[in-house]
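The structure appears below as structure tokens.
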Amino acid sequence: MLSVEEAEKRILDSIHVLNDVEVSLLDALGLTLTEDIIANFDVPPHSNSAMDGYAVRAEDIVGASKDKPVRLQVISNVPAGYLADRAVQPGTAIRIMTGAPLPEGADTVVQVELTETEGDKVLVKASLPRGRNVRLAGEDIKSGQKVLSSGEIISAADIGVLASLGRKTVRCIRRPKVAILATGDEVVEPGEVLPPGKIYNSNSYAVAAQVKEAGGIPVLLGIARDTRESLANKLQEALALQVDLIVSSGGVSVGDFDLVKDMLTAEGSMEFWQVNMKPGKPLAFGHVRGVPMLGLPGNPVSSMISFELFGRPSIKKMMQQYPEERTMVTAFMEEGYKKTDDRRHFVRVKLHRSNGKFFARLTGEQGSGILTSLMHADGIAIVPEDKPALEPGDEVKVMLIR
Ligand SMILES: Nc1nc2c(c(=O)[nH]1)N[C@H]1C(S)=C(S)[C@@H](COP(=O)(O)OP(=O)(O)OC[C@H]3O[C@@H](n4cnc5c(N)ncnc54)[C@H](O)[C@@H]3O)O[C@H]1N2
Ligand code: MOO
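All residue numbers for the sequence shown refer to UniProt numbering, where the first residue is 1 and numbers rise by one.
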């Protein structure tokens, strides 16, 4: 049996970072940047007002107060987006809006609340230090400054900064395209009538959602029936779509997948493993004409946990975001859990916090067909191979999944 680490290593060793492309700004969210971003002008580009008020010379309003206001001649008005048509001279002021470029001659802005108008004059009722309410050119970003480095993962604020630098596109590693395939005669697509003996295909949708969460683009290929021909057709479809990864579910337990095995020896390679974990012991990995293919076990929880452990890191690696550490917390078990084997168990738990500590309860029955056990989970508690049971009060490491 392979350890979880060995299975991950074998898979990840044959996954490679994808090429970079020019991506429109908004689509870059969550992608890995492949260029350094250097500002070629100041942000803000011009010194400007932080308030609606009057642009003045600080020395003109020295000593101004409520009782002894200073009277200045208002000589112009400058809205945001325009340059003032003249300079502030001694004894004058220019009406200014927030964001408007500071007129020449002015060094300070008096907010409107500290003033009163009197015909074409303004009464300034406070003395302000030079520079008050002025945002200097380049105070956010200086021309020539490196704002983002190649390799960074683009956040919402990064996108804002890139836009403020006038960028409409950026160079990033592209998102992997992932074909998703269900197998088996027993599954039908949601939306269809459910004939006796059948179940709905939930794996494809759950895994497609996981692909999306990881940053990939899922492409649903539907269901391959238990015939060599059906499977060959689906794989052909995946190759025609030029996907970067194929993820199937079902048909990987003992003997079952002989069909695929045979077929793939002609078209590629597939190895069938037993991984020392529960759920998700059976797993397959190989290549179809050079495209990596991950065969997840059919049981719905097994399929999702195996994707979390092996599919998500594959996508992250393609996006140059590997290794990605999920947040781990230590929690105290509020109930017991017994193992009947020495596999590593991934137990679905609900967490709550009290006095700064996390406490964990099972989300009910832990069978690999009980998908609601995952639906109700905040995290996955990891019970090590050599631990036969968790007792109430035991510490356990929990991987947060939402
Ligand atoms: N003799 C043995 N039998 C099984 C073993 C074993 O070691 N020896 N392992 C069990 C374990 S553990 C798992 S996990 C499953 C994995 O089997 P397969 O990957 O071959 O999956 P299937 O047999 O095709 O299906 C298993 C189960 O999952 C349901 N299923 C399949 N596809 C979907 C889908 N798209 N959406 C929803 N549910 C799906 C399927 O109906 C089965 O109930 O094997 C055990 N057996
Ligand atoms: O290994 Mo299976 O995945 O327990 O259901």
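All C-beta atoms in this analysis are idealised placements derived from N, C-alpha and C, irrespective of residue type, glycine included. All of these numbers come straight from a predicted model, not from anything done at the bench.
With at least 16 other beta carbons inside 10 angstroms of its own, Pro292 counts as buried. Using a Cβ distance threshold of 8 Å, Ala87 and Pro103 count as a contacting pair.
Unbroken beta strand (DSSP E) stretches of 3 residues or longer found wholly inside the stretch 149-179: 169-173, given in chain order. Counting only the Cα atoms, Pro384 lies some 60 Å from Ser47. In the structure shown, Gly311 adopts helical secondary structure according to DSSP, grouped into three states.
Remark: the C-beta of Val291 is outside contact range of ligand 1, defined as less than 7 Å to any heavy atom.
DSSP, read as helix, strand or coil, puts Asp13 in helix. Out of Ser3, Arg344, Asp13, the CA that lies nearest to the CA of Lys397 is found in Arg344.
For Met375, no pairing in a beta bridge is given by DSSP.
Here Pro195 carries a coil assignment [DSSP, helix/strand/coil]. Under the three-state reduction of DSSP, Asp60 is assigned to helix.
A buried status is given to Arg175, since no fewer than 16 other beta-carbon atoms sit within 10 Å of its beta-carbon. Each residue's CA atom was taken as its position, placing Phe359 and Val329 some 10 Å apart. A contact between stretches requires three or more CB pairs, one per stretch, nearer than 8 Å, and the stretch 300-317 meets this requirement with the stretch 364-384.
The beta carbon of Asn201 sits closer than 7 Å to at least one heavy atom of ligand 1. Leu72 is not a Cβ neighbour of Thr169, given a cutoff of 8 Å. Membership of Ile75 in the beta strand (DSSP E) is indicated by the continuous run 70-78. Under the criterion of beta carbons closer than 8 Å, Ile315 and Gly216 qualify as touching, at roughly 5 Å.
Of the heavy atoms belonging to ligand 1, at least one sits nearer than 7 Å to the Cβ of Gly250.
Between the stretch 280-298 and the stretch 229-249 there are three or more C-beta pairs closer than 8 Å, enough to call the two in contact.
Nearest neighbour of Thr183 by Cα position, chosen from Ala64, Val275, Asn201, turns out to be Asn201. Here DSSP, grouped into helix, strand and coil, assigns Tyr337 to strand. Under DSSP, Tyr54 shares a beta bridge with Arg95, Val110. Proximity of the beta carbon of Asn299 to ligand 1 is indicated: a heavy atom of the ligand is located closer than 7 Å. Taking a 10 Å sphere around the C-beta of Leu283, we find 16 or more other C-beta atoms and assign the residue as buried.
DSSP links Lys350 through a beta bridge to Arg361. Per DSSP, the unbroken beta strand (DSSP E) holding Leu220 starts and ends at 217-224.
Burial check for Lys234: the Cβ neighbour count within 10 Å reaches 16 or more, so the residue is buried.
Residue burial is scored here from C-beta neighbours: Asp244 has at least 16 other C-beta atoms within 10 angstroms and is therefore classed as buried. Assignment of Val124 by DSSP, reduced to helix, strand and coil, places it in the strand class.
Ligand 1 has no heavy atom closer than 7 Å to the beta-carbon of Glu189. Taken through DSSP and simplified to helix, strand or coil, Ile382 comes out as strand.
Remark: the C-beta of Ser314 is outside contact range of ligand 1, defined as less than 7 Å to any heavy atom. When the beta-carbon positions are compared, Asn40 and Ser150 stay at least 8 Å from each other. Rounded to the nearest whole angstrom, the C-alpha separation of Asn355 and Glu334 is 15 Å.
Taking a 10 Å sphere around the C-beta of Thr92, we find 16 or more other C-beta atoms and assign the residue as buried.
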